[in-house]
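2 protein chains.
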Amino acid sequence: MKQSQILIPTKKEAPSDAEALSHQMMVRAGYVYQVSAGVWAYLPLAYRVIRKIENIIREEMANAGAVEMMMPGLLPADLWKESGRYESYGANLYKLKDRRDRDFIMGPTHEETFTALMRDSIKSYKKLPLVLYQMQDKYRDEDRPRFGVLRGKEFEMLDGYSFSADQAGLDAAYDKQAVAYRNIFDRIGLDYKVILADSGTMGGKNSQEFSAPAAVGEDIIVYTDGDYAANIEKATSQFTGVQQEGTPAELTKVATPGAHSVDEAGESLGMPSSQILKSMLFMAKMADETVQPVMVLMRGNDEVNETKLKNALDCLELTLATEEEAEQYLGAHPGSLGPVGVGQEVKILADEYVKVLVNMACGANDDGYHYINANLDRDFRVDAFGDFRLVQEGEIAPDGLPLKFTKGIEIGHIFKLGTHYSKQMGAQVLDQNGRLVDVIMGSYGIGITRLLSAVAEQQADENGLVWPDSIAPFDVHVIPINAKNADQMRVADEVTAQLEAANLEVLLDDRKERPGVKFADSDLIGLPIRVTVGKKATEGIVEVKIRKTGETIEVKVEELVNTIQILLQNNLQQA
Amino acid sequence: MKQSQILIPTKKEAPSDAEALSHQMMVRAGYVYQVSAGVWAYLPLAYRVIRKIENIIREEMANAGAVEMMMPGLLPADLWKESGRYESYGANLYKLKDRRDRDFIMGPTHEETFTALMRDSIKSYKKLPLVLYQMQDKYRDEDRPRFGVLRGKEFEMLDGYSFSADQAGLDAAYDKQAVAYRNIFDRIGLDYKVILADSGTMGGKNSQEFSAPAAVGEDIIVYTDGDYAANIEKATSQFTGVQQEGTPAELTKVATPGAHSVDEAGESLGMPSSQILKSMLFMAKMADETVQPVMVLMRGNDEVNETKLKNALDCLELTLATEEEAEQYLGAHPGSLGPVGVGQEVKILADEYVKVLVNMACGANDDGYHYINANLDRDFRVDAFGDFRLVQEGEIAPDGLPLKFTKGIEIGHIFKLGTHYSKQMGAQVLDQNGRLVDVIMGSYGIGITRLLSAVAEQQADENGLVWPDSIAPFDVHVIPINAKNADQMRVADEVTAQLEAANLEVLLDDRKERPGVKFADSDLIGLPIRVTVGKKATEGIVEVKIRKTGETIEVKVEELVNTIQILLQNNLQQA
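If you're matching them up, the sequences are chains A and B in order.
Using this note's numbering, read the first sequence as starting at 1 and increasing by one per residue.
Using this note's numbering, read the second sequence as starting at 576 and increasing by one per residue.
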């Protein structure tokens, strides 16, 4: 394709609000255009990348036995009222009304719509299992859209749903999706980790998250050089606590004026924070809608992991107590709370590392005072111990290797939903014994447009984008240095025709621009291979440059197709 | 693909509200699922058809030099306020607010968005011409969504836009799109007409509409067996009026009590309606916002064509006068109006057939009275004559052949927009002389999802859908009569493998259903070729049935691929 026929509005400067490298380069290279904050147009080059990703996904989904279809984006609110999410989904949900004042939403995800389709279409286990998917624009009214297309208000998503009458059907579909997702990300050339993600009370084996390490990632991934990888919310490390020695001393209340934090208390008391209990009061909304006050005890140098806590409590919601609630239940403000003398109405949980401490300090439930020499059982009770802490870098993972931290972009998530939606919405089938059973569902998602950001974050350099050949908008960029030189243009046209005849996709820079402009644009656009047609064109020699490595070689025109095919093949194997 | 793995929820009965054959059959055959009135899901079979259409469009757009990209569906209202359409578009526009109470719309079309992209991206004529397009879901809050996916609230559209700095660039892009559209519809196997469509004051040569004749079409197409085809609004016929003979008699006012229509007046006066003037008063809102009363005179047996009238007046809006307005300007009510004695403040236009009449009857501007023997010039004036009538079937078209009428579905429209949007939104480029000029635009559209309805309307029969091979979800339906018969299943698998190896797409009915159910479903689904594997499977013989003609032949398995390729090839040539 001739570059003069395609819209590639390259820019010298990135937008002032573009923090992320991917955002800067995708705008500068003329791939995307912002229509409104968090709302993007995908210009011709970006759209070619997207379609290549879609085609990779189609092939892998077909291998996994999944079938493509398309739901509408405009959804009647009634469906989401059935599931309860019309109210609970929050401010990210776009709500609108039609001309007859009926409520609609723009779909942020499609569990309800697919469940309704199943309910209305399938009556017998004989028609199951089924795995359906779509690649569709989703709408989420993000509070802080940012990093270009990484977090937008409208974005393309692969969302798939499996339906089966028994657990074995779900497990098989889930496992096939897990393989398909790995294949997809491998073929796209992404560095990614498959991580244990928190999925509420269902446990890690029912959910896997795929995350691409990147500087602007919004998640913290905890991993080892072995197989272990987990979200920070889910990550665990081996317990290395050792029972402290020493004799319990007398519980003593001391004034710690102005000490509102563990560090301040440690300074006031002359003790390390690891010996001071961090006592936090939470309010847990339980399944029966009652609200239970819960105190959590941690070593002062540990941070509480609210996800682990929430899972241990099996509660619907968990919020930190307000000053008023702390006052009501404990008679003191946060900063002076502690377990001594707390009544049965407050449940007390403690991190397992608290168990081994002797002569701890803790808040005295009296503003401005702490206890020292507090000891478990003698001075306070704990209702249950558990792992409630955020892991730290360097700790030993369950696989025996030290934990490392990196930021990651969530690119995919597969999830055994179970019967949550089918129960809510009445999607049942007759099983082999003629009994009505709830359909067992899985849901599977990949953020397609965000994959462009993830690849760009991982592979772009200071000169622009760098695309893996599998998803590059074109394979080769052919650049005649001087478009007014008839020889160069003739060779450029010949070279383009040869490459295209070999099924390579070529962008031919036929613009009458200065060479410097053409090369800078070429680096920005980031096609895998550049072919420069210059002075040696008349001798039948052109220059080939590999965008990724910067390596250049002179090649005879008659060997060009072969050379490029080998280069792309090698590139592919390296990815 | 195995039929057990794909969702095809066939039904014995069509929904009670399904009037159109295409709607009935697409629901019964399990192609579409209604999520809400006018909001549809495209199930796997329909989505395969859509993707085949998309691919045909992609190829033809590439041939026409158009480049694909993707705009968002969610659009800031500001863009539409710039063009004025936020207010003027009407109730079909979905409006919504984001979490910060800012106004957005869901795009029903994208002229504004593309104009903004040009304004922000292109500064010089050197970067033009450009033709950009997308295939995207559009949102229109139709008052009466109906006929299944033919008129829905969310539908996929190809919308393309051309941009050039001069008229020649527009003309070239428009001409290429016209060719591409014909190629697309030809390849899809549609019967269609390219018709002169009304496009306001810009004239027919700046707009072409593509319309598929169909019983449920919402437009009336007027055509001949030659090349002529036009919308009823635009259609003309040759003038065949002959000056009447006879001597003007004395103008006489006669009582016609109770005669409010031409027919009633004719009966009362004992005259044919063709001799009675139909006098209608319109209120025309002119470009300067003044409102001009206009009387139009037609033969009583002709119908006024308001589009022709509006174009002749070059007015912004044209509305029939209310009773009060008729009273104000003419002193009588509609039904008793006429041109005699009408003052200069009311403009009088007459259809050219009025010119040849002698001794006409007409309303007397006095309720309950008519004049007889009214004659042009002697008794009333006409400010201008013109063609203001709706043509009738059988009249002679401009090409000399008799006019025929049919209903049609609008499937495409190409349109020379000119500088309307670029002026409104300030999309300008520097021309060769360094002057700022408004970008000249064209817009081009095809209703993609509605093409499914159009094809189904034209080709379905009482047993179900019939797809042309170019867009059929699969080429061949392989049906083992008895899925429990190992021989039949083995041959069916072999046959499927052979056909797939020859690049044919096969749907294998591996379900354990009765043969009658399988055959009925197969007819509903409507793949071009059915291969039935029955008792003669052991002898290596299967039955091939052509869905379109119902013709069946027995074929040896080893000759099957070849036979089917020939059948599909022939089918293609017939389409």
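Ideal Cβ placement from N, Cα and C applies to all residues, glycine included.
Item to check | Test: B/M645 CB closer than 8 Å to a CB of chain A | outcome: Interface residue, yes.
Checklist entry - Under a three-way DSSP split, which group does B/R956 fall into? => result Note: B/R956 maps to coil in three-state DSSP.
Checklist entry - To the nearest angstrom, how far is it from the Cα of A/E19 to the Cα of A/A215? => result Roughly 11 Å separates the two Cα atoms.
Checklist entry - Counting only runs that start and end within the region 306-342 of chain A, where is the alpha helix (DSSP H) found for 4 or more residues in a row? => result The region 306-342 of chain A contains these whole alpha helix (DSSP H) runs: 306-313, 323-330.
Item to check | Spatial neighbours of B/A755 in its chain, beta-carbon cut-off 7 Å, leaving aside the 5 residues before and after | outcome: Setting aside the 5 residues that flank it on each side, B/A755 is surrounded in the same chain by E635, M636, N638, A639, each with a C-beta closer than 7 Å to its C-beta; the list follows chain order.
Checklist entry - Can the beta-carbon of B/S1018 be found closer than 8 Å to that of B/Y736? => result For B/S1018 and B/Y736, yes; Cβs fall inside 8 Å.
Checklist entry - How many Å lie between A/Q238 and A/I232 at the Cα? => result The alpha-carbon atoms of A/Q238 and A/I232 are separated by roughly 15 Å.
Checklist entry - Assuming A/M26 contacts A/L527 under a Cβ cut-off of 8 Å, what Cβ separation, rounded to an integer in Å, is found between them? => result Rounded, the Cβ-Cβ distance is 15 Å, inconsistent with contact.
Checklist entry - Of all the options B/V1004, B/K751, B/A1067, B/L884, which has the alpha carbon lying nearest to the alpha carbon of B/S699? => result The shortest C-alpha separation from B/S699 is found at B/V1004.
Checklist entry - DSSP state of B/T1113, grouped into three classes? => result If DSSP states are grouped into helix, strand and coil, B/T1113 belongs with the helices.
Checklist entry - Is B/K587 buried or exposed, if buried means 16 or more other CB atoms sit within 10 Å of its CB? => result B/K587 should be labelled exposed.
Item to check | Simplified DSSP state of A/Y369, which is helix, strand or coil | outcome: Three-state result, A/Y369: strand.
Item to check | Where B/L1040 falls, given that 16 or more other Cβ within 10 Å makes a residue buried | outcome: Counting Cβ neighbours within 10 Å, B/L1040 comes out buried, since at least 16 surround it.
Checklist entry - Exposed or buried, which one is A/V517 when buried takes at least 16 other CB atoms within 10 Å? => result With fewer than 16 neighbouring CB atoms inside 10 Å of its own CB, A/V517 falls in the exposed class.
Checklist entry - For the region 673-680 of chain B against the region 725-741 of chain B, are there 3 or more C-beta pairs whose distance is under 8 Å? => result Contact between the region 673-680 of chain B and the region 725-741 of chain B is absent, because fewer than three Cβ pairs lie under 8 Å.
Checklist entry - Whole-angstrom Cβ separation of A/K423 and A/L170, contact assumed at under 8 Å? => result Your pair A/K423 and A/L170 does not check out as a contact, with CB atoms roughly 15 Å apart and the cut at 8 Å.
Checklist entry - Which chain B residues sit within Cβ distance under 8 Å of A/D143? => result Taking a Cβ-Cβ threshold of 8 Å, the residues of chain B close to A/D143 are R674, in chain order.
Checklist entry - Going along the chain, which residues of its own chain have a beta-carbon closer than 7 Å to the beta-carbon of A/P272, five neighbours each way excluded? => result Same-chain partners within the cutoff: G266.
Checklist entry - Going by alpha carbons, who is nearest to B/G613 out of B/R1025, B/I697, B/E892? => result Nearest C-alpha to B/G613: B/R1025.
Item to check | Any chain B beta carbon closer than 8 Å to A/W40 | outcome: Yes, because at least one Cβ of chain B sits closer than 8 Å to the Cβ of A/W40.
Checklist entry - Exposed or buried, what is A/Q432 when buried is set at 16 or more other beta-carbons lying within 10 Å of its beta-carbon? => result Counting C-beta atoms within 10 angstroms of its own C-beta, A/Q432 has fewer than 16 neighbours from the protein chains shown and is therefore classed as exposed.
Next on the checklist: Which residues of the region 628-662 of chain B have a Cβ closer than 7 Å to any Cβ of chain A? Give them in chain order.
Outcome noted: Residues passing the 7 Å Cβ filter: G640, V642, E643, M644, M645, M646, P647, G648, L649, L650, P651.
Item to check | Backbone secondary structure at B/T981 - three-state DSSP | outcome: Reduced to three states, the DSSP call for B/T981 is strand.
Item to check | Where A/Y139 falls: helix, strand or coil (DSSP) | outcome: Assignment of A/Y139 by DSSP, reduced to helix, strand and coil, places it in the strand class.
Item to check | Option in A/A332, A/L251, A/A287, A/L196 with minimal Cα separation from A/H260 | outcome: Here the closest residue by C-alpha is A/A332.
Next on the checklist: Once DSSP output is grouped into helix, strand and coil, what is the label at B/N806?
Outcome noted: It is a strand residue.
Checklist entry - What does A/P44 reach in chain B if we use C-beta pairs closer than 8 Å? => result Going along chain B in sequence order, the residues near A/P44 (Cβ under 8 Å) are V642, E643, M644, L707.
Checklist entry - With respect to the alpha helix (DSSP H) encompassing A/W80, which residues constitute its N-terminal and C-terminal limits? => result Here the alpha helix (DSSP H) through A/W80 covers 77-83.
Item to check | chain A contacts made by the region 759-775 of chain B, where a contact means CB separation under 7 Å | outcome: Those residues of the region 759-775 of chain B that come within reach of chain A (Cβ to Cβ, closer than 7 Å) do not exist; the list is empty.
Checklist entry - In its own chain, which residues sit with a C-beta less than 7 Å from the C-beta of A/D379, not counting the 5 before and 5 after it? => result Contacts found: L251, V340.
Item to check | Neighbour-count burial assignment, B/M861, 16 or more Cβ in a 10 Å radius | outcome: With fewer than 16 other CB atoms across the displayed protein chains lying within 10 angstroms of its CB, B/M861 is exposed.
Checklist entry - Residues of chain A with CB under 9 Å from B/V610, in chain order? => result Listed by position along chain A, the residues whose Cβ is nearer than 9 Å to that of B/V610 are M71, P72, L74, L75, P76, L79, T113, A116, L117.
Checklist entry - Going along the chain, which residues of its own chain have a beta-carbon closer than 6 Å to the beta-carbon of B/F722, five neighbours each way excluded? => result The beta carbon of B/F722 is closer than 6 Å to those of A595, H598, V791 in its chain, skipping five residues each way along the sequence.
Next on the checklist: Please classify A/K138 as buried or exposed, where buried requires at least 16 other C-beta atoms within 10 Å of its C-beta.
Outcome noted: Here A/K138 is buried, its C-beta having at least 16 other C-beta atoms within 10 Å.
Next on the checklist: According to DSSP, B/L581 sits in a beta bridge with which residue or residues?
Outcome noted: Sequence check: residue 581 of chain B is Ile here, not Leu. Under DSSP, B/I581 shares a beta bridge with no residue.
Checklist entry - Within 10 angstroms of its Cβ, does B/T690 collect 16 or more other Cβ (buried), or is it exposed? => result Classification for B/T690: buried.
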